[in-house]
Amino acid sequence: METPIHVGMILNTALLVSLGLIYDLFRRSEWIKSRVVRQVLIGLSTAAIGFLVMSLPWEQQEGVFFDTRSILISISGLFFGVVPTIIGIISMLTHRILSGGAGVWMGTTVIVVCGVIGLLWRQFRLKRLERISLWEVYLFGLVVHLAMFCAHLFCTQVCGNKPKPA
Numbered sequence: 000m001e002t003p004i005h006v007g008m009i010l011n012t013a014l015l016v017s018l019g020l021i022y023d024l025f026r027r028s029e030w031i032k033s034r035v036v037r038q039v040l041i042g043l044s045t046a047a048i049g050f051l052v053m054s055l056p057w058e059q060q061e062g063v064f065f066d067t068r069s070i071l072i073s074i075s076g077l078f079f080g081v082v083p084t085i086i087g088i089i090s091m092l093t094h095r096i097l098s099g100g101a102g103v104w105m106g107t108t109v110i111v112v113c114g115v116i117g118l119l120w121r122q123f124r125l126k127r128l129e130r131i132s133l134w135e136v137y138l139f140g141l142v143v144h145l146a147m148f149c150a151h152l153f154c155t156q157v158c159g160n161k162p163k164p165a
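Heads up: the sequence shown begins at 0 in numbering that gives the first Met the number 0, then just goes up one per residue.
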């Protein structure tokens, strides 16, 4: 069954909001003492939401999907750190590769590039994350989406995947 683009994006957005709520639940929980266990649980939550996001895409053509995975994995890198992001990247890569289709190389490239951008932004930020401004989040989003665009151009040139116009 084909999902209209606006329905898919609304569902994807709701799933992204749920990740924020789950993160807040784990961050404030007093029953999880170990930082590593907390990071793994956040990573598993990221992976589960990534799976759901990728299960509700808008499909432009056979095997070419559009969803909010780039936002999910880049935000994970920026705010949650290495362990949750690596767990999310591995699970989303597995899902995308098993889905197959014409956009598999573009999809996997976007997942990795967006995760790396989030982690690098987190690493090289000079101020604390609690004080991140809306302008910086906006700039971060622009950089992520510019990288997605470049990945799309790269994959269409190198991999030969040329999606048909909508």
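No residue lacks a Cβ here, since even glycine has one placed at the ideal position from N, Cα and C.
**OP:** Confirm, please, whether the CB-CB distance from cysteine 113 to isoleucine 85 is below 8 Å.
**Re:** no
**OP:** Assign tryptophan 167 to one of three DSSP states: helix, strand, or coil.
**Re:** Since the first and last residues shown for the chain are 0 and 165, residue 167 lies out of range.
Original post:
If you draw a straight line from the alpha carbon of glycine 19 to that of leucine 43, how long is it in whole angstroms?
Top reply: 14 Å
Original post:
Since serine 98 contacts alanine 46 with CB under 8 Å, what's their CB separation in whole angstroms?
Top reply: Not really, about 15 Å apart at Cβ, beyond 8 Å.
**OP:** Tell me the start and end of each unbroken alpha helix (DSSP H) in the segment 34 to 60 that is at least 4 residues and wholly inside, in chain order.
**Re:** 34 to 54
**OP:** Check whether the Cβ of glycine 42 lies closer than 8 Å to any Cβ atom in chain C.
**Re:** The question asks about chain C, but that chain is absent: this structure has only one protein chain.
Original post:
Cβ of isoleucine 116 within 8 Å of Cβ of glycine 80?
Top reply: no
Original post:
From which residue to which residue does the alpha helix (DSSP H) around threonine 84 run?
Top reply: 81 to 98
Subject >> Residue from Leu51, Arg95, Trp134, Trp57 with nearest C-alpha to glycine 7 >> reply: Trp57
Subject >> Residues that phenylalanine 65 bridges to, as DSSP identifies them >> reply: Trp57
Subject >> Sequence-distant residues of the same chain with beta carbon closer than 8 Å to threonine 67, five excluded per side >> reply: Met8, Asn11, Thr12, Leu14, Leu15, Val52
Subject >> Candidates Leu119, Val111, Arg127, Phe65, of which the one nearest glycine 167 by Cα >> reply: Since the displayed the chain opens at 0 and closes at 165, residue 167 lies outside it and no answer follows.
Original post:
Is any heavy atom in the ligand COA found nearer than 7 Å to the beta carbon of alanine 150?
Top reply: With respect to the ligand COA, the structure shown offers nothing to examine, as it has no ligands at all.
Original post:
Can the beta-carbon of glycine 106 be found closer than 8 Å to that of arginine 95?
Top reply: yes
Original post:
Within this structure, are the beta carbons of valine 181 and methionine 147 separated by less than 8 Å?
Top reply: The chain is shown from 0 up to 165; residue 181 falls before or after that span and cannot be answered.
**OP:** Name the residue from Lys126, Ser69, Ile21 whose alpha carbon lies nearest to the alpha carbon of leucine 145.
**Re:** Ser69
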